[in-house]
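Protein chains in written order, with full-length UniProt numbering: chain A, 1 to 432; chain B, 1 to 432; chain C, 1 to 432.
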């Protein structure tokens, strides 16, 4: 439960809001690299933290991310022409380069120096891990890109996608650290993630009320969800919440690893980023087939958009037969679609003042606190956590540990990676 | 004409509004019985008086009507599974029975008693007359179900349907007691109601300015609309307005009887309930064919919804040729579609501060007063009218009476029914 | 750049606004004559300056333009029947003639005189130039219809159409006097206007930063845009802005002449009127084919509506290949579609407080001033400019003039027409 004030603080991220100020201190996943496939390709509209922007790749391959609207008379540059190292407004031909400088202004006399006085809002971009990243904060405070495992493996080992979710980012994020719901909502569907053995599925079903142990770390939170496996052992699903919006899915035996970022588009919608990867080998043909089927993390989209085909307007194509037969708890096909359905059903901005939280919500309660504290701290001049890229070199885990062993001790070697390990490809044999 | 304040009072029925408080003292038609066809069938979303609810029929056939959203984290229970005597939330498995008790909470440890502290908002339901009724008021003040004729005849004698109307309930209700418009709007279409003789049609056309005589009764209003039939006789169409939203259509010779309830969904839309019945015999094959054709009270709906196929987005499929040819005054096919078109065209909430009412609006003026008075009285602690079920044993009438006979005297025997008469089947021979 | 206050003043035209008061002093193009093709045809909904109206042509051919809603109970008269010299409401049969008088009220007793007390809001209409015009101001101040060339030529010489544009009228109007953008936005598409020689196209491309000379005239503004043609000559494109919303396109050699009116529907949308005409001969088969193709001023519409097929929901069917190939600067097919795309992309109401205007915006800056001054003057009792019909007898021009000749002198004979010239058909041989 949150007060109305804290809920507002948590969920509003537009320009000038305290949470918006916090988020502008981090790198932000903006587009898939493949959305700007080549130099001088068409620009793409991107809204981030409430700001309407336009991304383009110039003749030299450099990425620009600029205000969608031309400073002259506020016409959308979406209709502009991307060529010769700049994006040219279709109305009067003002042309801007990727750094936001006006490099041509044909509507003014050649002798005019008005061009030199005009710039367009522009944010620096970098590409890594198949993602175009941007930084929307004060230039002098720009950190290094985070170093998450999926970003660092070869392209062949990874699949990345983004899709629009029609609710505030935080309730989507909450789903990403909520191990509890995996036993219920995904009971019928985790096999869609590519689980090759039924073991984790059985363990999840056996104990549906995990006990949470949550530790604050430099990067955010380390969250252990403990389930009784047998008389001697606990089944631990361990995940990290990395500031400001990353969550990692504890692995399922045999399946690719997975994770998410939940990035505010505006206060009423977010971009759900999904990545699937294998640390030690390329994604297999079967992995790709499964992921592209919509059964796993990645969903099928309406062509030319980032909206899912199964969406709230069609009740996510609910199949009551499948629900009755136990194939899907919600009658909705696919792990990510299940999440999207319940999260969007909370309303565009969940009202956290009227909840009834239980012990299984411990990680969520803590995550809200961490984000709110970071926000309030920044208002008091205290620097945000999780800016150090190396702190992102963590791994989620899914392990059996003896009853008397603390998860941070027993799973220690699973919870981090070194660059050396990464280069040699970490084996996944100990995953349940 | 109403003041802005009275119009607000009349049309706002959400939780906590004075009119909402009044309406929560009556039984409310919520769903057709057939919408929950069998035990453990899928739940159905129902919005009543601005409250978003979910209806389900449990394993034993009991009906539940509960808050659409799980108290835990406010996820919609629409995606829940209805089985083993309860509705289980798809997110974390919290399960509620028809009385609103939480009967399972798998996300909490078995030893937890949190479950016993959690309930969900729930309203009692009863089934009668092919309708699932609910009561949303203080439990200790729950009355008996009303005893209207259509509810009491055998199922074979009756057809019931509901459809969404995209305007406030009261302007829809006004149409139900407005005999005057029958001579104009329905001039071309009353035959669609199954009128076997043209007599009533001719009488309606002959005198288009009925004089109204309105009497306040225990159940609401008794309304006589008098038209000149010939030198010696008047043609009386007599209808009742029963609190809080029922209207009865005066019969047409040869046709089934008909009536409506106009139930607020929210302030901008209402559910129009229609019932057709024969007191003395099953509906004939021809009756059913006519009603299902959309020509009568019941309209064709977009599959899977309660929205009519002919709706405001397509101008009710207006046919200007049919209008020119006199087949339909508005060019709209079907009696109910005609009503819906003009009522919705008044705006979602009609502005009653700028009307020009005439003598033919006498019944409407009186009905507004009755409902507003009941509302204001309740605010002063005076109990609402029309709660006694027996007062609903009334019948509308359509009769010729000598000029010098008052309608309440001349039509007296037509205006009520006894349970004994009902059992033997009342003949309809005297209807014009 | 405008202050927020002036932007509000400029863009709000509803009943009771200062700009609304100004515009109600002028004749307003309401419908194409062909939209009311014959006596007693169906009525047509028209919203003007925020007022929802209904147009109909009565049995005698007279045009009525009345409040869309019946004064009785505010039902839309759109569903009414147009016959026997009046429009009859479908609900209770109240009937109104084109002057707004209630001529029949069948719901009231024949002896009642209520009918004589009821009128409906009604505006006078006239037809000229294929357009139904209305006047919504004080009756005693009604001026004569303007006398623009396209209105006065024979029907065979003219094509008129209107289409909905989903933005405020003024940013659309700004496009109409903005010669500068012709060199850029229309660089690839002016041939779509029917330019038979490439000369004007070459001249436009050669100098993309025209210098503006703007003179205030009785009718509004005379605007000269000067481009360097060669060492000895300037290429002048001369256009008029006529109060309150007319703009004229400087001719292109060989093509029909063209012009626009940008009429507020409500504050968020406007009706773009387009007229193409030849002063001296009927439009040719080729002219008609080109105009109906969507390449010129007139756009293809969604059947039964005034909305364009290429619209903001489909990004105006942008063709990035055509854009890359230089066939169209914006990748949008057709001169008018290009304009609509950029103008609507400014938002429903452009924010003029954050612009960066250059010297090429001189005409726009002046036009805003002229309209705002007329508005403020009227508030102080000073009569509006441009009400004298004869002042509208102007012509746009497209000419080469020696460097040392002022455009008002050099082009003088091209900038007006007399009724005598018109009767004999003005030749167009001197157009560039």
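A virtual CB, placed ideally from N, CA and C, is assigned to each residue, including glycine.
With a threshold of 7 Å between beta-carbons, can residue 209 of chain B be considered close to chain C, or not? For the purposes of this step, residue 209 of chain B is taken as the residue at position 209 of the second chain. At least one CB atom of chain C sits nearer than 7 Å to the CB of residue 209 of chain B.
Within 10 angstroms of the Cβ of residue 223 of chain B, are there 16 or more other Cβ atoms? Answer buried if so, exposed if not. Reading the second chain from its first residue, position 223 is the one you call residue 223 of chain B. Buried is the label assigned to residue 223 of chain B, since at least 16 other Cβ atoms lie within 10 Å of its Cβ.
With H, G and I counted as helix, E and B as strand and the rest as coil, what does DSSP make of residue 405 of chain C? Counted from its first residue, the third chain places residue 405 of chain C at position 405. Residue state, collapsed to three classes: coil.
By the 10 Å Cβ neighbour count, where 16 or more other Cβ atoms means buried, how is residue 298 of chain C classified, buried or exposed? The residue labelled residue 298 of chain C in the question sits at position 298 within the third chain. Flag for residue 298 of chain C reads buried.
For residue 120 of chain C, does the three-state DSSP call read helix, strand or coil? Position 120 of the third chain, counted from the first residue, corresponds to residue 120 of chain C. Of the three classes helix, strand and coil, the one that applies to residue 120 of chain C here is coil, per DSSP.
Name, please, each residue of chain C whose Cβ falls closer than 8 Å to the Cβ of residue 112 of chain B. Numbered from its first residue, the second chain carries residue 112 of chain B at position 112. What residue 112 of chain B touches in chain C, judged by beta-carbon distance under 8 Å, is nothing: the nearest beta carbon there is about 51 Å away.
Partners in chain A for residue 181 of chain C, counting only beta-carbon separations shorter than 7 Å: Counted from its first residue, the third chain places residue 181 of chain C at position 181. Result: 91 and 92.
Taking beta-carbon pairs under 7 Å, can you tell me which members of the segment 294 to 325 of chain C lie near chain B? The segment 294 to 325 of chain C vs chain B, Cβ under 7 Å: nothing.
Would you list the one or two residues that DSSP bridges to residue 246 of chain C? Along the third chain, one-based indexing puts residue 246 of chain C at 246. Paired residue(s): C:242 and C:261.
Taking a contact to mean a Cβ-Cβ separation below 7 Å, would you say residue 162 of chain B touches residue 271 of chain B in this structure? Here residue 162 of chain B is taken as the residue at index 162 of the second chain, counted from 1. Here residue 271 of chain B is taken as the residue at index 271 of the second chain, counted from 1. In this structure, residue 162 of chain B sits near residue 271 of chain B, with a CB-CB distance shorter than 7 Å.
Find out if the Cβ-Cβ distance for the pair residue 331 of chain C, residue 323 of chain C is shorter than 7 Å. Position 331 of the third chain holds residue 331 of chain C. Position 323 of the third chain holds residue 323 of chain C. Result yes, Cβ atoms of residue 331 of chain C and residue 323 of chain C sit closer than 7 Å.
For residue 370 of chain B versus residue 192 of chain B, is the C-beta spacing smaller than 7 Å? Taking the first residue of the second chain as position 1, residue 370 of chain B is located at position 370. Taking the first residue of the second chain as position 1, residue 192 of chain B is located at position 192. With respect to the 7 Å criterion, residue 370 of chain B and residue 192 of chain B are not classified as neighbours on the basis of their beta carbons.
Would residue 384 of chain C pass as a contact of residue 25 of chain C if the rule is Cβ separation under 7 Å? Mapped onto the third chain, residue 384 of chain C falls at position 384. Mapped onto the third chain, residue 25 of chain C falls at position 25. A contact, by the Cβ cut-off of 7 Å.
Any beta-carbon of chain A closer than 7 Å to the one on residue 79 of chain B? The residue given as residue 79 of chain B occupies position 79 in the second chain. Among the residues facing chain A, residue 79 of chain B is included, as its CB has a counterpart in that chain under 7 Å away.
Provide the residue(s) that pair with residue 271 of chain C in DSSP beta bridges, ordered along the chain. Numbered from 1 along the third chain, position 271 holds the residue referred to as residue 271 of chain C. The bridge partners DSSP lists for residue 271 of chain C are C:164 and C:263.
Under the rule that 16 or more other beta-carbon atoms within 10 Å means buried, what is residue 4 of chain A, buried or exposed? On the first chain, residue 4 of chain A is found 4 positions in, with the first residue counted as 1. With fewer than 16 other Cβ atoms from the protein chains shown falling within 10 Å of its own Cβ, residue 4 of chain A counts as exposed.
Where does residue 215 of chain A sit, in a helix, a strand or coil, going by DSSP? The residue given as residue 215 of chain A occupies position 215 in the first chain. In the structure shown, residue 215 of chain A adopts extended strand secondary structure according to DSSP, grouped into three states.
Neighbour list for residue 279 of chain C in chain B, Cβ cutoff strictly below 8 Å: Against the third chain, residue 279 of chain C aligns to sequence position 279. Those do not exist, as residue 279 of chain C stays about 39 Å from chain B at its closest Cβ, beyond 8 Å.
Give me whichever residues DSSP pairs with residue 433 of chain B in a beta bridge. The question about residue 433 of chain B has no answer, for chain B in this structure spans 1 to 432.
In the DSSP assignment, find the beta strand (DSSP E) that holds residue 62 of chain C and state where it starts and stops. Along the third chain, one-based indexing puts residue 62 of chain C at 62. Neither: residue 62 of chain C is in no beta strand (DSSP E) and is coded neither H nor E.
For residue 141 of chain A, count the other beta carbons within 10 Å of its own beta carbon; 16 or more makes it buried, fewer makes it exposed. Which is it? The sequence position of residue 141 of chain A within the first chain is 141, counting from 1. The residue is exposed, with fewer than 16 neighbouring Cβ atoms inside 10 Å.
Quick check: the Cα distance between residue 283 of chain A and residue 156 of chain A, rounded to an integer number of angstroms? One-based indexing of the first chain puts residue 283 of chain A at position 283. One-based indexing of the first chain puts residue 156 of chain A at position 156. Taking the straight line joining both Cα atoms gives about 7 Å.
Touching or not, the segment 246 to 255 of chain B and the segment 125 to 139 of chain B, by the rule of three or more beta carbon pairs under 8 Å? Fewer than three pairs of CB atoms, one per stretch, sit closer than 8 Å, so the segment 246 to 255 of chain B makes no contact with the segment 125 to 139 of chain B.
Measure the beta-carbon distance from residue 212 of chain C to residue 225 of chain C and round it to whole angstroms, keeping in mind my assumption that it falls under 8 Å. Along the third chain, one-based indexing puts residue 212 of chain C at 212. Along the third chain, one-based indexing puts residue 225 of chain C at 225. The Cβ separation is near 6 Å, so the contact holds.
Rounded to whole angstroms, how far is the Cβ of residue 275 of chain B from the Cβ of residue 259 of chain B, which I believe are closer than 8 Å? Working through the second chain from its first residue, we reach residue 275 of chain B at position 275. Working through the second chain from its first residue, we reach residue 259 of chain B at position 259. The pair is a contact, with the Cβ atoms about 5 Å apart (cut-off 8 Å).
Could you check the C-alpha separation between residue 302 of chain A and residue 346 of chain A for me, to the nearest Å? Taking the first residue of the first chain as 1, we reach residue 302 of chain A at position 302. Taking the first residue of the first chain as 1, we reach residue 346 of chain A at position 346. Roughly 23 Å separates the two Cα atoms.
DSSP has residue 104 of chain B in a bridge; who is on the other side? Counting from one through the second chain, the residue named residue 104 of chain B turns up at place 104. Answer is B:95.
Would you call the CB atoms of residue 118 of chain B and residue 307 of chain A closer than 7 Å? Taking the first residue of the second chain as 1, we reach residue 118 of chain B at position 118. Taking the first residue of the first chain as 1, we reach residue 307 of chain A at position 307. Cβ distance not < 7 Å, so residue 118 of chain B and residue 307 of chain A don't count as in contact.
For residue 266 of chain B and residue 78 of chain B, the rounded distance between their alpha carbons: Looking up residue 78 of chain B in the second chain gives position 78. Looking up residue 266 of chain B in the second chain gives position 266. Between residue 78 of chain B and residue 266 of chain B, the C-alpha separation is close to 19 Å.
Determine the closest residue to residue 90 of chain C out of C:97, C:98, C:80 and C:96, with distance taken between C-alpha atoms. Position 90 of the third chain holds residue 90 of chain C. Residue C:80 is the option with its Cα nearest to residue 90 of chain C.
Residues in the segment 100 to 129 of chain C having any Cβ partner in chain A nearer than 9 Å: Of all residues in the segment 100 to 129 of chain C, none is placed with a Cβ closer than 9 Å to any Cβ belonging to chain A.
In this structure, what does DSSP give as the bridge partners for residue 398 of chain C? On the third chain, residue 398 of chain C is found 398 positions in, with the first residue counted as 1. Note: residue 398 of chain C sits in a beta bridge opposite C:237.
Residues from the segment 352 to 371 of chain A in contact with chain B, defined by Cβ distance under 9 Å: Within the segment 352 to 371 of chain A, the residues whose Cβ lies closer than 9 Å to some Cβ of chain B are 352, 354, 355, 356, 357, 358, 359, 360, 361 and 364, listed in chain order.
Can you tell me whether DSSP reads residue 225 of chain B as helix, strand or coil? Position 225 of the second chain, counting from 1, holds the residue named residue 225 of chain B. Reduced to three states, the DSSP call for residue 225 of chain B is strand.
Whole-angstrom distance between residue 320 of chain B and residue 38 of chain C, CA atom to CA atom: Position 38 of the third chain, counted from the first residue, corresponds to residue 38 of chain C. Position 320 of the second chain, counted from the first residue, corresponds to residue 320 of chain B. Residue 38 of chain C and residue 320 of chain B have their alpha carbons spaced roughly 14 Å apart.
What residues of chain B sit near residue 75 of chain C, judged by a beta carbon separation below 7 Å? Locating residue 75 of chain C in the third chain gives position 75, counting from the first residue. Using a Cβ-Cβ cut-off of 7 Å, residue 75 of chain C is close to 342, 345 and 346 of chain B, given in chain order.
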